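J.: Below you'll find the structure I mean.
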Amino acid sequence: MKKHILSMALLALSIGGLTQSRYDYLIRGGKVVDGTGNPWYYADVGIRKGKIVAVGQLDAQKARHLINATGLVVAPGFIDVHTHIEGSIFRHPDAHNYVHDGVTTVITGNCGGSVTDVRGFFKKLRKTGASVNVATLVGHNAIRRAVMGEANRKATPAELAQMQQLVARAMAAGAVGLSTGLIYVPGTYAPTEEVVVLARTARRHGGIYASHIRHEDWRVFDAIAEAVHIGRQAHTPVHISHFKISGKADWGASARMIDTIEAWRQRGVDVTVDQYPYTASSTSLDVLLPSWVFSGRRDSMRARIADASVRAQIEAEMIDMLAKTGFADYSYAVVARCPEHPEYAGKNLAEVTALRGLDPNELAAQRQTIFELVVLGRVQMVYHKMSEGDVQRIMSWPLSMVASDAGLPTFGEGAPHPRNYGTNARVLGRYVRQLGLLHLEEAIRKMTSMPATRFGLEKRGMIRPGWAADLVVFSEREIADQATFEQPHAYPVGIYFVFVNGVPVIKNGQHTGRRPGQPLKHKK
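Residue numbering for the sequence shown follows my numbering, starting at 524 and increasing by one per position.
And the structure:
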């Protein structure tokens, strides 16, 4: 079946330009899942000058290029609401890992980390080009660092006013909202009311408040309450990033978390969430230490670790944190990338401890390994701390969107989280086709119209005449993620065409090298 589909598509593409054209591309005979959540239907989709111009029974003779989508699904391009690409999009503008996974638009600047000069970022993006559309949040951590460094204290009135000016400038340049990463330095040092003021500033420009909340473990309900408080005080919609419960001792708490959000919505508070379809997270090694250790510059952190009495206090807090998560040791933590020691990639902290000549079964030795690595700089980790039951419960909830929390990895380098390559294909292959947890139409809604509406992306996320021709054509019988934790560098299968603004970026499963992506701004 696959060979037939591909050969017909190739033939049609080669002969379509011989006729007088009304359509640049006509995708013919596919099963259209339009992004709304409504039932699929068969139709042709006509594309011209970057827009969808017609949906229905269309005249193939009027197409310059004809794609035979018989047996395939035609859907809006996937919108990834949680990415971290601002630091790497200019090194990897083809964004292979995203477009091979059907993604046509990414929202970056999450978890409080973003560019502060949004206008300059968009200008450079337009000049260099990219294979995906890019929208950005403005990050609280980035703003606070620009004004206060990594100081562990409240902002002065003058500093807070300066932060407001930077947020307002970013929003005026097109940012879609304010993000926080309240687990990370320096955002973790900010009191709640500082975030309220900045979220209110973003809201005056039509922005949303998106948060990596302060805690995702046994303290998650306090963190949800803080996010809701910020939303209520700032009169802004709230979006909670990578919604999860992290820690074996609290597995199953997602049911109560969902009930908590539903209760707030019944009281008129606008809250939504996103999630990635995996039982492991990925962030820096730093989070295993108390946040106060990193106050000030990096050399301040090194001095604290070198001080025996301070280090004893650090270790005491680490022991308490580990016990409360329900894990016996740090073997749940796997190195994804350590520039100084690339040989550690893919090995957990117990295994790394053994490589360093220490007893891997001793917690004190594992902590010693953590200290020795953390002083080297940023070490990226994968943390296996979540349960499949919680992942499935959140995914089946109508208020959750699909997101990768991914960046732009260099193919073959390190052992990154597989979500960098296969997030959407995993949802469609495993949770829709194999497990039947979601209907196809509902899964597509979570990837398209729901995020577009939430983040104010105009005329994206649905198949409608006059809307942007961001489209993905895939086989619902074949689509599957191939990336695993053991072998993470692998693109999905079953995705044959991806259009970004009417231009084929993936054609017959291969990247075309084209970069038609645009900076996207919030609809005012």
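Glycine included, each C-beta is placed from N, C-alpha and C at the ideal position. Computed from a predicted model, the values in this text were never measured in an experiment.
Here's the rule I'm using: 16 or more other beta-carbon atoms within 10 Å means buried, otherwise exposed. How should Y564 be labelled?
T.: Taking the first residue of the sequence shown as position 1, residue 564 is located at position 41. Burial call: exposed.
J.: Using a Cβ-Cβ cutoff of less than 8 Å, which residues in the same chain neighbour G573 once the five nearest sequence positions on both sides are dropped?
T.: Here residue 573 is taken as the residue at index 50 of the sequence shown, counted from 1. Here the set comprises A991, A992, N1024, G1025, V1026, P1039.
J.: State the beta-bridge partners of T659 as determined by DSSP.
T.: To locate residue 659, count along the sequence shown from 1; it is residue 136. Its beta-bridge partners are T631.
J.: So, at 7 Å on beta carbons, what are the nonlocal neighbours of V641 in its own chain, with the 5 sequence-adjacent residues on each side left out?
T.: For the purposes of this step, residue 641 is taken as residue 118 along the sequence shown, with counting starting at 1. Closer than 7 Å at Cβ, skipping near neighbours: T659, V661, A693, A696, G697, A698.
J.: How should I823 be labelled, buried or exposed, when 16 other C-beta atoms within 10 angstroms of its C-beta is the threshold for buried?
T.: Position 300 of the sequence shown, counted from the start, is the residue given in the question as residue 823. At residue 823 the sequence reads Ser, which differs from the Ile that was named. With fewer than 16 Cβ atoms within 10 Å of its Cβ, S823 is classed as exposed.
J.: Classify L881 as helix, strand or coil using the three-state DSSP reduction.
T.: For the purposes of this step, residue 881 is taken as residue 358 along the sequence shown, with counting starting at 1. Three-state result, L881: coil.
J.: How many angstroms separate the CA atom of I763 from the CA atom of H605?
T.: Stepping through the sequence shown from its first residue, residue 763 is reached at position 240. Stepping through the sequence shown from its first residue, residue 605 is reached at position 82. Cα to Cα, I763 sits roughly 10 Å from H605.
J.: Taking the CB atoms as reference points, tell me whether D793 and A926 lie closer together than 8 Å.
T.: Indexing the sequence shown from 1 puts residue 793 at position 270. Indexing the sequence shown from 1 puts residue 926 at position 403. Contact flag unset, no.
J.: What's the call for A772, buried or exposed, on a 16-neighbour Cβ count within 10 Å?
T.: Taking the first residue of the sequence shown as 1, we reach residue 772 at position 249. Flag for A772 reads exposed.
J.: Using 10 angstroms around the beta-carbon of L541, count the other beta-carbons present and answer buried if the total reaches 16, otherwise exposed.
T.: Taking the sequence shown and counting its residues from 1, the one referred to as residue 541 is at position 18. Interpretation of L541 is limited by its pLDDT of 44, a score under 50 that renders its predicted location unreliable; no figure is taken from the coordinates.
J.: Hey, how far is the Cα of L960 from the Cα of V597?
T.: Taking the sequence shown and counting its residues from 1, one reaches residue 960 at position 437. Taking the sequence shown and counting its residues from 1, one reaches residue 597 at position 74. Near 21 Å, if we compare the C-alpha coordinates of V597 and L960.
J.: Would you say A674 and S637 are within 8 Å of each other, going by their C-beta atoms?
T.: On the sequence shown, position 151 is the one that residue 674 refers to. On the sequence shown, position 114 is the one that residue 637 refers to. No, the Cβ-Cβ distance between A674 and S637 is not below 8 Å.
J.: Considering only their Cβ atoms, is the gap separating I736 from L811 smaller than 8 Å?
T.: Taking the first residue of the sequence shown as position 1, residue 811 is located at position 288. Taking the first residue of the sequence shown as position 1, residue 736 is located at position 213. No, the Cβ-Cβ distance between L811 and I736 is not below 8 Å.
J.: Where does S972 sit, in a helix, a strand or coil, going by DSSP?
T.: Within the sequence shown, the letter at position 449 stands for residue 972. Of the three classes helix, strand and coil, the one that applies to S972 here is helix, per DSSP.
J.: Among all the DSSP beta bridges, which residues are the ones paired with A929?
T.: Walking along the sequence shown from the start, residue 929 turns up at place 406. Looking at the DSSP assignment, A929 forms a beta bridge with T606.
J.: For G1040, which of helix, strand or coil comes out of DSSP?
T.: In the sequence shown, residue 1040 corresponds to position 517, counting from 1. Reduced to three states, the DSSP call for G1040 is coil.
J.: Give the DSSP-derived three-state secondary structure of A693 in the structure shown.
T.: The residue labelled residue 693 in the question sits at position 170 within the sequence shown. Residue state, collapsed to three classes: helix.
J.: Helix, strand or coil, according to DSSP, for N871 in the structure here?
T.: Residue mapping note: residue 871 aligns to position 348 of the sequence shown, counting from 1. Correct three-state label for N871: strand.
J.: Considering just the uninterrupted stretch of the beta strand (DSSP E) at G579, what are its terminal residues?
T.: For the purposes of this step, residue 579 is identified with residue 56 of the sequence shown, where counting begins at 1. Unbroken beta strand (DSSP E) run through G579: 574-579.
J.: Around the Cβ of F934, are there at least 16 other Cβ atoms within 10 angstroms (buried) or fewer (exposed)?
T.: Working through the sequence shown from its first residue, we reach residue 934 at position 411. The residue in question, F934, is exposed, as its Cβ has fewer than 16 Cβ neighbours within 10 Å.
J.: For K969 and M924, what's the separation of their Cα atoms in angstroms?
T.: One-based indexing of the sequence shown puts residue 969 at position 446. One-based indexing of the sequence shown puts residue 924 at position 401. Distance between the alpha carbons of K969 and M924 is about 5 Å.
J.: Which term fits R779, buried or exposed, when burial requires 16 or more other beta carbons within 10 angstroms of its beta carbon?
T.: If you number the sequence shown from 1, residue 779 lands on position 256. With fewer than 16 other Cβ atoms within 10 Å, it is exposed.
J.: Within 10 Å of its beta-carbon, does D913 have 16 or more other beta-carbons around it, so buried, or fewer, so exposed?
T.: Within the sequence shown, numbered from 1, the residue matching residue 913 stands at position 390. D913 is buried by the Cβ-count criterion.
J.: Return helix, strand or coil for L589, following the three-state DSSP convention.
T.: Taking the first residue of the sequence shown as position 1, residue 589 is located at position 66. Looking at L589 - three-state DSSP - the assignment turns out to be strand.
J.: 8 Å is my cut-off, CB to CB: does V925 come that close to chain B?
T.: In the structure shown, chain B cannot be found, because there is only a single protein chain.
J.: Output yes or no for whether 8 Å exceeds the beta carbon distance between L721 and H758.
T.: Against the sequence shown, residue 721 aligns to sequence position 198. Against the sequence shown, residue 758 aligns to sequence position 235. Going by C-beta atoms, L721 is not nearer than 8 Å to H758.
J.: Run the CB neighbour count on A977, radius 10 Å, all protein chains shown included, and call it buried at 16 or more, exposed below.
T.: Translated into the one-based positions of the sequence shown, residue 977 becomes position 454. In the sequence as presented, Ala is not what sits at residue 977; that position holds Arg. Per the 10 Å Cβ criterion, buried.
J.: Tell me R860's beta-bridge partners as DSSP assigns them.
T.: Along the sequence shown, one-based indexing puts residue 860 at 337. Note: R860 sits in a beta bridge opposite Q903.
J.: According to DSSP, F997 sits in a beta bridge with which residue or residues?
T.: Reading the sequence shown from its first residue, position 474 is the one you call residue 997. Beta-bridge pairing links F997 to V596, I1018.
J.: Determine the extent of the beta strand (DSSP E) in which D793 is found, giving its start and end residues.
T.: In the sequence shown, residue 793 corresponds to position 270, counting from 1. From DSSP, D793 is part of no beta strand (DSSP E); its letter is neither H nor E.
J.: Just reading off the beta strand (DSSP E) that S805 is part of, what are its end residues?
T.: Along the sequence shown, read from residue 1 onward, the residue named residue 805 stands at position 282. Run containing S805: 804-807, per the beta strand (DSSP E) assignment.
J.: Is S804 near the ligand NAD, going by C-beta to nearest heavy atom under 7 Å?
T.: The model on display carries no ligand, and the ligand NAD is accordingly not part of it.
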